[in-house]
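Just so we're aligned: the sequence shown equals residues 0 to 131 in numbering that gives the first Met the number 0.
Here a beta-carbon is modelled for each residue, glycine too, at the ideal position from N, C-alpha and C.
Worksheet for the structure shown next.
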Amino acid sequence: MQFAPYIFFLAVMAALTLAACRSTAPVTRETVSYYGVQTGLLDNDLAQVHVTLSGTKSSEQVACYAECAAEQCTLIRGFGFASRARARVGHEAKRLSADAAYTISRSLPQGVKTIDAEVVEDACARDNIQMV
Numbered sequence: 000m001q002f003a004p005y006i007f008f009l010a011v012m013a014a015l016t017l018a019a020c021r022s023t024a025p026v027t028r029e030t031v032s033y034y035g036v037q038t039g040l041l042d043n044d045l046a047q048v049h050v051t052l053s054g055t056k057s058s059e060q061v062a063c064y065a066e067c068a069a070e071q072c073t074l075i076r077g078f079g080f081a082s083r084a085r086a087r088v089g090h091e092a093k094r095l096s097a098d099a100a101y102t103i104s105r106s107l108p109q110g111v112k113t114i115d116a117e118v119v120e121d122a123c124a125r126d127n128i129q130m131v
């Protein structure tokens with residue numbers, strides 16, 4: 000029972016944290032619309048991906064869309080991994096677009112941002128993000 004005060008404190012803190020995460024205002028979200036993917040090989044191991052979407056202002060979401068397209072492109076070409084070489088996000092009217100290039104390989108490439116294509120494919124399907 001010597002830990003009872005600590006357990007009580009942790010329980011109260013957890014309850015307060017969960018209460019703080021609740022939104023009291025209604026959330027209105029615009030539906031995300033995907034406008035297709037364009038992919039191509041720039042070299043034997045370098046793929047380019049261009050995607051466009053609307054319904055969000057999040058550059059992170061358009062980057063996820065590009066990553067989903069890149070992993071699908073990687074799998075279609077018989078590779079298992081990709082590493083983002085560059086990505087540019089642009090805004091036009093209410094649409095966001097990304098133009099990205101990925102090195103693709105059969106084995107895990109070096110780099111900070113590597114993608115295991117099968118793992119990303121599962122995440123994209125779970126999050127309902129369109130792929131190639």
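Can you tell me where the beta strand (DSSP E) holding residue i begins and where it ends?
i	result
L41	S32 to D42
A84	F80 to E91
T51	L45 to S53
Can you list, in chain order, the residues of its chain whose CB lies under 7 Å from that of residue i, leaving out five sequence neighbours each side?
i	result
E66	I114 and V119
I128	C63, Y64 and C67
R85	A99 and A100
P108	F80, S82 and T102
If I measure Cβ to Cβ from residue i and keep anything under 6 Å in the same chain, skipping five residues before and after, which residues do I get?
i	result
I103	D44, A46, T73, F78 and A81
K93	S53
T30	G54
A116	E70, T73, L74 and G79
D126	none
C123	C67 and M130
With DSSP run on the structure shown, which of helix, strand or coil describes residue i?
i	result
T73	helix
S58	helix
Tell me where the alpha helix (DSSP H) around residue i begins and ends.
i	result
R105	Note, R105: premise wrong, no alpha helix (DSSP H); not H, not E.
D121	A116 to R125
Is it true that the CB of residue j sits closer than 9 Å to the CB of residue i?
i	j	result
S96	L41	no
V61	V88	yes
Enumerate in chain order the residues of its own chain whose CB-to-CB distance from residue i is below 8 Å, with the five nearest sequence positions on each side excluded.
i	result
E59	none
S106	G79 and F80
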